[in-house]
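Data block below; observations after.
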Amino acid sequence: MMRHNLDRSLQELKNEIGILGGLVEESVDKTIYALRELDVEVAQEVIERDNDIDNIENKIEKKCLSLFALQQPLAGDLRFIGSTLKMITDLERIGDHSADISELILRLKDKPVKINPDIYLMAEKARNMVGRSIDAFINQDVELATEVCRDDDEVDNFFNVLIMDIASQIKSETGSVEPLIDIMFIVKYLERIGDHATNISEWAVYNETGKHRHLQHPDNRKDLEKKDE
Numbered sequence: 003m004m005r006h007n008l009d010r011s012l013q014e015l016k017n018e019i020g021i022l023g024g025l026v027e028e029s030v031d032k033t034i035y036a037l038r039e040l041d042v043e044v045a046q047e048v049i050e051r052d053n054d055i056d057n058i059e060n061k062i063e064k065k066c067l068s069l070f071a072l073q074q075p076l077a078g079d080l081r082f083i084g085s086t087l088k089m090i091t092d093l094e095r096i097g098d099h100s101a102d103i104s105e106l107i108l109r110l111k112d113k114p115v116k117i118n119p120d121i122y123l124m125a126e127k128a129r130n131m132v133g134r135s136i137d138a139f140i141n142q143d144v145e146l147a148t149e150v151c152r153d154d155d156e157v158d159n160f161f162n163v164l165i166m167d168i169a170s171q172i173k174s175e176t177g178s179v180e181p182l183i184d185i186m187f188i189v190k191y192l193e194r195i196g197d198h199a200t201n202i203s204e205w206a207v208y209n210e211t212g213k214h215r216h217l218q219h220p221d222n223r224k225d226l227e228k229k230d231e
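Every number in the working numbering is 2 more than the matching position in the sequence shown, counting from 1.
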């Protein structure tokens, strides 16, 4: 009977992770739209909905701690509950960074600034990483998790190129550099979103294999890929 109750609680936990993940994906989607269109209304909506993400994260955290205290989880269950506590923190941070970007969009609205279109490509790549990392965690998909971590290399490349481009613009700018600095922070937040998606994928691998690997390192990805062959 206790095992049945635990299984039901674990399924409820997965469902709640899916709800939180859906809210975070929606937040990132709206942030990217607001960035493309400099839509202050959508940006403001992202900022206001950030509390919803925080509230669900807190609810899931309490559920995990309750499962630790009141149930009798086995080793595999403990890994799932423990990794859930870690990954929801990453999801919450992604939501925070979406709100951070949206705050900067409000500042950019009435300022004449040219945005490098590669920022939108970087944003879409980071957004795809978020969605796939959530899928990898919920479905315990090691192969998908590894692919997400590989994509982080592309996000990092975008980051390096864009930061150099913005720094060059700042040096040659004769007027206010504040809008360029705002864009630099947007690029940084997008890079951090990619990093948090990578973290979620690493917790997906830990949940399935029992080993925590830093998959941002190519050699660790190769070792995992060899085991899957």
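We treat Cβ as the ideally placed atom computed from N, Cα and C, and that holds for glycine.
First through last residue of the alpha helix (DSSP H) which encompasses residue i
i           : result
residue 117 : Looking at the DSSP string, residue 117 is not in any alpha helix (DSSP H), and its letter there is neither H nor E.
residue 99  : 77-110
residue 197 : 180-211
residue 171 : 144-174
residue 61  : 42-72
Chain-order list of residues whose beta-carbon lies under 6 Å from that of residue i (same chain, five-residue window excluded)
i           : result
residue 2   : Residue 2 cannot be examined here, being either before or after the span of the chain that is shown, 3 to 231.
residue 9   : none
residue 30  : 100, 129, 132
residue 115 : 181
Rounded distance between the beta-carbons of residue j and residue i, thought under 8 Å
i           : j           : result
residue 124 : residue 160 : 4 Å
residue 139 : residue 58  : Actually they do not touch by this definition, with Cβ atoms about 15 Å apart.
residue 49  : residue 104 : 5 Å
residue 151 : residue 86  : Contact doesn't hold; Cβ gap of about 19 Å is too wide.
residue 118 : residue 167 : 6 Å
Own chain partners of residue i with C-beta closer than 8 Å, once the 5 adjacent residues on each side are dropped
i           : result
residue 3   : At residue 3, the pLDDT of 45 sits below 50, so the modelled position is not reliable; the number obtained from the coordinates is stated separately. Cβ within range, chain order: n/a, list empty.
residue 7   : 73
residue 112 : none
residue 154 : 131, 196, 197, 199, 200, 218
Residues near residue i by beta carbon distance below 7 Å, same chain, minus five either side
i           : result
residue 187 : 106
residue 44  : 32, 35, 36
residue 26  : 55, 93, 96, 97, 132
residue 20  : 140
residue 40  : 107, 110, 111
residue 156 : 127
Burial state of residue i, where buried means 16 or more other Cβ atoms lie within 10 Å
i           : result
residue 198 : buried
residue 204 : buried
residue 89  : buried
residue 127 : buried
Under 8 Å, with one C-beta from each stretch per pair, do the stretch 145-156 and the stretch 97-108 reach the 3-pair mark?
no
Any contact between the stretch 188-207 and the stretch 89-101? By contact I mean 3 or more CB pairs, one from each, below 8 Å.
At 8 Å Cβ cutoff, the stretches touch.
Does the count of Cβ pairs from the stretch 13-33 and the stretch 57-72 closer than 8 Å reach three?
yes
Would you call the stretch 200-218 in contact with the stretch 166-183, where contact means no fewer than 3 C-beta pairs closer than 8 Å?
no
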